[in-house]
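Q:
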Amino acid sequence: MENIKFTVTDDLLASKGQRLLNFVIDLFIIYVIEISIGTTIILIGDLTKSDTASNWVSSLSVVESFFFGLVILFFYYLITEMYFSRTFGKYFTKTMVVKHEGSRPNMKSIIVRTISRLIPFEPFSFLTAERGWHDTLSVTYVVKKHNFIAKKKLFSEE
């Protein structure tokens, strides 16, 4: 008897439309988190009558604000994908991140995946390839959750 292992197939992969929607939703959430943190710092500064914190947030340049956003982006993707294998965008589109054989990505894969997102123009890598750089560099796949679970269940019953 042949020992066949489950692998992610093309029919399980999330569509480009789903991937774009994931990106837009996640960017919106990252922006909301960034605004919330800045507002919280200003409010705490006002309540404690400490102008230092309020002035720091209010005087951030565009470049500093951009890097602050990158730090939030890094932790957002790292935490959500490490613990849940999906971000809020993926939750909304019913997709998830898996390894080639269908297992949850390990910490190394998620870290590589998250760092890869910081490469300039990385979001545009989807225009020329089926999978983006953060997928190929981390050897992960974004799949349609329900189709993936159903196919994996069928495979394990065989």
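Just so we're aligned, residue 81 is where the sequence shown starts under our numbering, counting upward by one. Don't be surprised by glycine CBs; every beta carbon is placed ideally from N, CA and C.
Beta-carbon within less than 7 Å of R99's beta-carbon, same chain only, minus the 5 sequence neighbours each way: which residues are those?
A: Cβ neighbours of R99 beyond the five flanking positions: F206 and V222.
Q: For the putative contact between V178 and F228, defined by C-beta atoms under 8 Å, what is the C-beta separation to the nearest angstrom?
A: The pair is a contact, with the Cβ atoms about 7 Å apart (cut-off 8 Å).
Q: With distance defined between alpha-carbon atoms, name the residue in L217, S139, M162 and G118 nearest to N186.
A: For N186, the nearest C-alpha among the options comes from M162.
Q: Pull up the distance between the alpha-carbon of I152 and that of V112, whole angstroms please.
A: Roughly 10 Å between the two C-alpha positions.
Q: How many whole angstroms separate the CB atoms of Y157 and T216, which I take to be in contact at a CB cut-off of 8 Å?
A: With a Cβ gap of about 16 Å, Y157 and T216 do not count as contacting.
Q: At which residues does the alpha helix (DSSP H) containing V143 begin and terminate?
A: It spans V142 to F164 - the alpha helix (DSSP H) in which V143 sits, taken as one unbroken run.
Q: Which residues share a DSSP beta bridge with K129?
A: BP columns for K129 are empty, so no partner.
Q: Compute the Euclidean distance between the alpha carbons of M81 and F103, then round it to the nearest angstrom.
A: Unreliable placement is indicated for M81, whose pLDDT of 45 sits below 50; no coordinate value is reported for it.
Q: Go ahead and pull the three-state DSSP assignment for L217.
A: Helix at L217.
Q: Reducing DSSP to helix, strand and coil, say where K225 ends up.
A: Residue state, collapsed to three classes: helix.
Q: Can you say whether L92 is buried or exposed, counting buried as having 16 or more other CB atoms within 10 angstroms of its CB?
A: With 16 or more other Cβ atoms within 10 Å, it is buried.
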